[in-house]
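S.K.: Let me give you the structure first, and then I'll get to my questions.
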Amino acid sequence: MADVISPQPSRETDRSAERLKRIRDGLSSRHAREKRFRAYGLAAIGAALAFVAILFVMILSKGLPAFTQATMTLDVFFDPAIIKVEPKPVPQQGQSPAEFRRATLDWERQVTMVNWNRVVETAIKNAAPDMEVDTRQALSIVETNERFLLRDRFVADPGLLGKTIPVDMLGSANADNWLKGNIDRSLPDAQQQLSAPARALADKLLEEGKMRFAFASHIFTNVDSRSAPASAGLAGAFVGSLYMMLVVIVLAVPIGVASAVYLEEFAPKNRLTDLIEVNINNLAAVPSIVFGLLGAAVFINYFRLPLSAPLVGGLVLTLMTLPTIIIATRSALRAVPPSLRQAALGLGASRTQTVFHHVLPVTFPGILTATIIGVAQALGETAPLLLIGMNAFVAAVPATPLDQSTALPVQIYLWQGNENRNFFEARTSAAIIVLLGLMITLNAIAIFLRTRLERRS
Amino acid sequence: MNKLFLTASAASIAVALSAGASFAQSRDTIQIAGSSTVLPFASIVAEEFGNAFPDFKTPVVGSGGSSGGLRQFCGGVGENTIDIANSSRRIRPAEVEACNAAGVNKILEVQIGYDGIVFATSANQGDFQLQPVHVFKAIAAQVPVDGELVNNTYKNWNEIDPSLPDQAINVAIPASNHGTREVFEEKVLHAGCEEAGMPELDKEALQKACTSLRQDVVVEIAGDYTETLARLQSNPATVGVFGLSFYDQNRDTLKVASVSGVTPSLETIASGEYPVSRPLYFYVKGEHIGTVPGIEEYVEFFLSDQMAGVGGTLEGAGLIPAPAEETAEVLAEFKEGKAIAVADVQ
């Protein structure tokens, strides 16, 4: 500071000394102000991090237990006295494929009519021969769909008849709650979901190691279920979300990038383009539920597309993502120095050549980031999907984007509303963990690609 | 790059449009929507149906409340309208008219059993032995005092009746998009209103006085019962209205109140002792039978003994089975294709 002030006549020196003093006096308060501001900033970051930490700790502490589930390994005897069915039909000479299919279906129906619950019950009772439980109590600790899984095993391999094999069976949601202590174990019988003998049976199986907490891989491989809540999984919702994201990428990226390139590089600057620009910015701020209403009115009522289909969901989310992609691409294009365009034009390139050969490659990292962030936003969107029927209970993995399906965030909403709170509270958090994991992965890919591409260019 | 990019975008748009245009092949999955009370039962049947009939796909079950479901149901005939509407109340004449206007003329009614509506508090609260008149006096906007209607000023339950706990009045009831609300009004509010000894009023004023609620203590829940449960957890002194099956699944945190001296259970509701119960329905679009495969089989499977019958799967989930003769009659009428007309539901 001092060397800035050059030597001056005495009156001047007095004044500059005065100025210097004023600056020195003010210095401490300016430094204090700077420190204060930094402290505010740190406090803000600290608060934000604390909120994120609280959120993560809460979700993880609630959701992680759901990834292990009470599972028992039982010796199942395929008792010929219970399973009385004809041998599985084999293709015969002179039988048309349709006839063979008919015969197979008839046989499968016959197998379905077998009292598989009796098979399950016998297996449970054999596992704990000294416990006195009735049929209902024995079956209340095992998930209700195990009988169908046994049937499916038998359909796949009819040679099992008369054999005994070890089978992993899921414990029922209520047994899982009891063993994990989700329901206060000291509550009286009237407030418990399981009867006292069934609870004792579950405890005994756990003690003897016939029941254990195993990793619940079915959360990823099974579809949603209501009749067998313990076996409910995310596979259907995951595939539904995947289809929607594909539709969004296939539609929103080309349309968005093309509009942005035209508006930024080719469009004449006049009132009309200004109007379009203002509208695009406004669209980005429209609440997502409005797009849902629009989708229901246009795609379902007018174009007669099916309800609850990922295609319609994808179209609605495309509308929602478009402005994001257009705005981000335009700002990436604007960041390209004009000298690049002038050089290309000066060397005789046409405007199209300039844009596609020189400008777009430079903006590629920016466009990619915009796309991935737009897709991540669309992945987490729930509100518009509720209005096009995607909040239905669907117990199948959609084979095509036209099949009925749910989506990951909608599945969270559905599980959150399930009657069996004790079980589904953890399940809901587990689904949130999966969704957050996906989002973080997507964003990490965006950051990785951007840094990599930027370094290359 | 240039050509590739343009071709790619043109192709993707073409694919999207043709996908929309080519959706002409018939749907092979039954589509169901409606009441959140019926939803768990319908979902269970749908799943078991998919398991038991390998030749049909598992039906898709959506929610949206009885009114929402029937509105979708009456949207018209065709691929993108639902086949079955679940309802926790009977269809209204206006809805039948709307259906007919949209071309849905064959509305087949299927009654599947009964459901009880229970009042419950958090498990650590006092015991409630309610009468309909208690509920009415607690939540009506105006109550009769000495033959005159005055603004309701009751603050605690024990001011209404000394037998009730000394607890602030807070009630969470289903909003009007739920069929449960209608039953609540009919079986609890109107019954309590009559008992309360209303002064002489004309019909319209009486109706209004019976169903106007005070907003300071009543919370109307538009979502499902989980939302009501969350209310009870945030304010334990709340009395919530639930379906019996929901209470059954959460009996560790909820305590149920008796109504008119009867504690709700499968037995007391099936016998008709417990006053607040209602039949549950679903409505089948006759026009879609034969177009969408499996509708007839689904209905038969739903009404079969192993599902809706005594000791069936749905009883375990909280549905109160209808007597076997009643179910047989319902099934017979469905098979005949007896459509509902406005006159039937008035």
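Residue numbers (my numbering), protein chains in the order written: chain A, 1312 to 1768; chain B, 240 to 585. Cβ coordinates follow ideal geometry from the N, Cα and C atoms, glycine included.
1) Measure the C-alpha to C-alpha separation of residue 322(B) and residue 345(B) and round it to an integer number of angstroms.
2) In chain A, which residues lie less than 8 Å from residue 294(B) when you measure between Cβ atoms?
3) Against residue 1571(A), what residues of chain B qualify as contacts under a CB-to-CB distance less than 7 Å, listed in chain order?
4) Look at the alpha carbon of residue 1414(A) and the alpha carbon of residue 1676(A), and state the distance between them as a whole number of angstroms.
5) Hey, could you find the ends of the alpha helix (DSSP H) residue 1754(A) is sitting in?
6) Within the chosen definition, does the segment 334–345 of chain B reach the segment 539–553 of chain B through at least 3 CB pairs nearer than 8 Å?
7) Count the other C-beta atoms from every protein chain shown that fall within 10 angstroms of the C-beta of residue 1407(A), then say buried if there are 16 or more, exposed otherwise.
8) Hey, how far is the Cα of residue 1567(A) from the Cα of residue 1712(A)?
9) If the cut is a Cβ gap below 8 Å, which residues of chain B does residue 1617(A) touch?
10) Do residue 1403(A) and residue 491(B) have their C-beta atoms closer together than 7 Å?
11) At least one CB of chain A closer than 7 Å to the CB of residue 291(B): is that the case?
12) Could you check where the beta strand (DSSP E) with residue 494(B) kicks off and where it finishes?
13) State the Cα-Cα distance for the pair residue 511(B) and residue 326(B), rounded to the nearest angstrom.
14) Using a Cβ-Cβ cut-off of less than 9 Å, give me the residues of the segment 319–344 of chain B that come near chain A, in sequence order.
15) If you run the structure through DSSP and keep just helix, strand and coil, what is residue 464(B)?
16) DSSP three-state label for residue 1717(A), please.
17) Look at residue 539(B) and residue 1538(A) and say whether their C-beta atoms are less than 7 Å apart.
18) Checking the sheet assignment: what are the DSSP bridge partners for residue 1479(A)?
19) If you reduce the DSSP assignment to three classes, tell me which class residue 548(B) lands in.
20) Any residues in the segment 518–543 of chain B with a beta carbon nearer than 8 Å to a beta carbon of chain A? Which ones, in chain order?
21) Hey, residue 1363(A) and residue 1422(A): beta-carbon distance below 7 Å or not?
22) Grab me the residues of residue 1446(A)'s own chain with a C-beta within less than 6 Å of its C-beta, minus the 5 sequence neighbours each way, in chain order.
23) Smallest Cα separation from residue 1545(A): which of 1716(A), 1732(A), 1342(A)?
24) Just how far apart, CA to CA, sit residue 275(B) and residue 1536(A)?
25) Taking any Cβ of chain A, which residues in the segment 471–493 of chain B have a Cβ under 8 Å from it, in chain order?
26) With distance defined between alpha-carbon atoms, name the residue in 1405(A), 1409(A), 1396(A), 1436(A) nearest to residue 1419(A).
27) Could you run through the segment 1514–1547 of chain A and flag, in chain order, every residue whose CB is less than 7 Å away from some CB of chain B?
28) Using a Cβ-Cβ cut-off of less than 7 Å, list which residues of the segment 1455–1486 of chain A approach chain B; keep chain order.
29) Taking one C-beta from the segment 357–374 of chain B and one from the segment 392–411 of chain B each time, how about it: are there three or more such pairs within less than 8 Å?
30) Once DSSP output is grouped into helix, strand and coil, what is the label at residue 1523(A)?
31) Going by DSSP, what residue range makes up the beta strand (DSSP E) through residue 1417(A)?
32) From the DSSP output, in three-state form, read off residue 395(B) for me.
M.R.: Reading from the atomic positions:
1) Sequence index remark: in the second sequence, residue 322(B) carries index 83 (1-based). Sequence index remark: in the second sequence, residue 345(B) carries index 106 (1-based). Looking at the two C-alpha atoms, the distance is approximately 11 Å.
2) Position 55 of the second sequence, counting from 1, holds the residue named residue 294(B). Result: 1416.
3) Within the first sequence, residue 1571(A) is the residue found at index 260, counting from 1. None at all; the shortest Cβ gap to chain B is about 12 Å.
4) Numbered from 1 along the first sequence, position 103 holds the residue referred to as residue 1414(A). Numbered from 1 along the first sequence, position 365 holds the residue referred to as residue 1676(A). In a straight line, the C-alpha of residue 1414(A) is about 58 Å away from that of residue 1676(A).
5) By 1-based counting over the first sequence, the position of residue 1754(A) is 443. Segment 1732–1767, the alpha helix (DSSP H) holding residue 1754(A).
6) no
7) Residue numbering aside, residue 1407(A) sits at position 96 when the first sequence is read from its first letter. Classification for residue 1407(A): exposed.
8) Within the first sequence, the letter at position 256 stands for residue 1567(A). Within the first sequence, the letter at position 401 stands for residue 1712(A). Cα to Cα, the separation comes out at about 22 Å.
9) The residue you call residue 1617(A) lines up with position 306 of the first sequence. What residue 1617(A) touches in chain B: 262, 266, 318, 319.
10) For the purposes of this step, residue 1403(A) is taken as residue 92 along the first sequence, with counting starting at 1. For the purposes of this step, residue 491(B) is taken as residue 252 along the second sequence, with counting starting at 1. No; because the gap between Cβ atoms is not below 7 Å, this pair is not in contact.
11) The residue you call residue 291(B) lines up with position 52 of the second sequence. Yes, because at least one Cβ of chain A sits closer than 7 Å to the Cβ of residue 291(B).
12) Counting from 1 along the second sequence, the entry for residue 494(B) is found at position 255. 493–495 is the extent of the beta strand (DSSP E) around residue 494(B).
13) Within the second sequence, numbered from 1, the residue matching residue 511(B) stands at position 272. Within the second sequence, numbered from 1, the residue matching residue 326(B) stands at position 87. The straight-line gap from Cα to Cα measures roughly 21 Å.
14) 319, 320, 321
15) Here the question's residue 464(B) lines up with position 225 in the second sequence. Helix.
16) Numbered from its first residue, the first sequence carries residue 1717(A) at position 406. Note: residue 1717(A) maps to coil in three-state DSSP.
17) Stepping through the second sequence from its first residue, residue 539(B) is reached at position 300. Stepping through the first sequence from its first residue, residue 1538(A) is reached at position 227. No, these two residues do not count as a Cβ contact at 7 Å.
18) On the first sequence, residue 1479(A) is found 168 positions in, with the first residue counted as 1. DSSP, once it has assigned bridges, lists 1384(A) as partnering residue 1479(A).
19) The count along the second sequence starts at 1 and reaches residue 548(B) at position 309. If DSSP states are grouped into helix, strand and coil, residue 548(B) belongs with coil.
20) none
21) Looking up residue 1363(A) in the first sequence gives position 52. Looking up residue 1422(A) in the first sequence gives position 111. Going by C-beta atoms, residue 1363(A) is not nearer than 7 Å to residue 1422(A).
22) The count along the first sequence starts at 1 and reaches residue 1446(A) at position 135. Here the set comprises 1432.
23) Residue mapping note: residue 1545(A) aligns to position 234 of the first sequence, counting from 1. Checked all of 1716(A), 1732(A), 1342(A); the closest Cα to residue 1545(A) is 1716(A).
24) Counting from 1 along the second sequence, the entry for residue 275(B) is found at position 36. Counting from 1 along the first sequence, the entry for residue 1536(A) is found at position 225. Answer to the nearest angstrom: the Cα atoms are 16 Å apart.
25) 484, 485, 488, 489, 490, 491, 492
26) Against the first sequence, residue 1419(A) aligns to sequence position 108. Residue 1396(A) is the option with its Cα nearest to residue 1419(A).
27) 1536, 1537, 1538
28) 1459
29) yes
30) Numbered from its first residue, the first sequence carries residue 1523(A) at position 212. In the structure shown, residue 1523(A) sits in a strand (DSSP, three-state: E or B).
31) Locating residue 1417(A) in the first sequence gives position 106, where the first residue counts as 1. Premise fails: residue 1417(A) lies in the alpha helix (DSSP H), 1408–1424, not in any beta strand (DSSP E).
32) Position 156 of the second sequence holds residue 395(B). Strand at residue 395(B).
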